[in-house]
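Engineer: Sequential numbering from 13 applies to the sequence shown in the working numbering. Have a look at the structure that comes next, please.
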Amino acid sequence: PYFDELWPLIKEKINGKTLVAHYARFDMDVLEEELTGNELAFPSCPVFCTCVLSQAMFPEMPQHRLQDVTEKIGFNLEQRYNAMAQARACVAIVEYALKATGAEFLQDVADAYHFHLGYIGKDVVTECNFNRRRALSYEDINAAPVVQKPETYNDMDNITYLKYWVPSIAISFIFNSINAEWARAIGSIGMLGLIYATYLRFKGTKRPFWYGFVNIFFTVGVLGFFDVGRAPKK
């Protein structure tokens with residue numbers, strides 16, 4: 013069936029109730045487009061985004077994808093791309109927040125974590141919103157907002173890596189091309205320089221040895237210029 017054929021039944025079930033979704037902004041955009049395009053009546057629903065909730069609950073997390081959040085709360089998301097599985101995951105996140113705050117209603121959870129619910133209604137669609145600076149001010153009204161650089165990745169940038177990479181590659185190629193024992197010995201120093209640069213590039217990440225090994229043999233270390241493998245530290 014087409015969307016406009018199902019909408020009367022859907023609207024009857026959801027009207028006046030809070031809609032919950034992970035990254036709800038996407039769902040609201042799609043719903044608004046369908047309703048507008050088919051000239052259908054809008055519901056009147058608050059919108060609760062579990063992605064925004066996760067950002068408020070777990071600010072230390074580098075990403076707030078559904079699978080990341082469910083892993084954080086200990087819920088097994090067996091089918092990442094199944095709609096019913098995703099819906100159940102959202103339920104699990106909400107139940108976790110209700111238990112953590114001791115709240116009875118979703119609005120109480122939003123108040124506890126200092127974010128605003130969104131809303132979808134006639135000619136009005138607003139997204140769920142979390143203001144991190146505002147949340148900090150709630151925690152300590154006298155404390156100035158502190159912006160800290162996240163230390164989840166190795167901080168070695170491409171410019172620094174290039175300073176190690178260019179001389180190492182140059183020494184290795186130039187001297188290994190000379191048919192002499194002493195030249196090849198010097199060429200091996202260039203390879204050691206590349207290994208050292210790779211060590212600096214990937215140290216402190218989850219799999220430094222694996223990504224370092226792949227990096228060295230992937231077009232002689234060019235993988236190190238990208239963020240591939242620079243996983244969050246344990």
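Note that CB positions come from ideal geometry on N, CA and C, so glycine has one too.
Would the region 70-84 count as touching the region 101-113 if we require 3 or more Cβ pairs under 8 Å?
Structural biologist: yes
Engineer: Check whether the region 36-52 and the region 103-121 touch, using three or more Cβ-Cβ pairs below 8 Å as the test.
Structural biologist: The way I'd put it, the region 36-52 doesn't touch the region 103-121; fewer than three beta-carbon pairs between them come closer than 8 Å.
Engineer: Note down, in chain order, each residue of its chain lying with its Cβ closer than 8 Å to the Cβ of Phe70, except the 5 sequence neighbours on either side.
Structural biologist: His76, Val81 and Lys84
Engineer: So, Tyr223 versus Thr217, is the Cβ gap smaller than 8 Å?
Structural biologist: yes
Engineer: When you compare only the Cα positions, how much space is there between Asn5 and Met96?
Structural biologist: The structure shown does not extend to residue 5, since the chain is modelled only from 13 through 246, so no value can be given for it.
Engineer: Checking 8 Å against the spacing of the C-beta atoms, do Trp177 and Ala209 come in under that value?
Structural biologist: yes
Engineer: By how many angstroms is the C-alpha of Ile207 removed from the C-alpha of Val136?
Structural biologist: 57 Å
Engineer: Whose C-beta lies closer than 8 Å to the C-beta of Arg37 among residues of the same chain, with five residues either side of it excluded?
Structural biologist: Closer than 8 Å at Cβ, skipping near neighbours: Cys61, Gly130, Glu139 and Cys140.
Engineer: So what does DSSP say about Pro74, is it helix, strand or coil?
Structural biologist: coil
Engineer: In the structure shown, what three-state DSSP assignment does Asn188 receive?
Structural biologist: helix
Engineer: Span of the alpha helix (DSSP H) holding Tyr208?
Structural biologist: Glu193 to Phe214
Engineer: So, are the CB atoms of Ser56 and Asn27 less than 8 Å apart?
Structural biologist: yes
Engineer: What does Ala33 pair with, by DSSP beta-bridge criteria?
Structural biologist: Cys61
Engineer: State the Cα-Cα distance for the pair His34 and Phe87, rounded to the nearest angstrom.
Structural biologist: When rounded, the distance between both Cα atoms is 15 Å.
Engineer: Hey, how far is the Cα of Leu65 from the Cα of Glu72?
Structural biologist: Whole-angstrom Cα-Cα distance: 13 Å.
Engineer: State the Cα-Cα distance for the pair Ile190 and Phe229, rounded to the nearest angstrom.
Structural biologist: 22 Å
Engineer: Taking the alpha-carbon of Gly236 as reference, which of Val121, Phe185 and Phe214 has the nearest alpha-carbon?
Structural biologist: Comparing alpha carbon positions, the residue from Val121, Phe185 and Phe214 closest to Gly236 is Phe214.
Engineer: Taking Cβ to Cβ, would you say Gly202 is nearer than 8 Å to Ser180?
Structural biologist: Less than 8 Å separates the beta-carbon of Gly202 from that of Ser180.
Engineer: Name, in chain order, the residues that DSSP records as bridge partners for His128.
Structural biologist: Asn141
Engineer: With Arg100 as the anchor, note down where its alpha helix (DSSP H) starts and where it stops.
Structural biologist: Ala95 to Thr113
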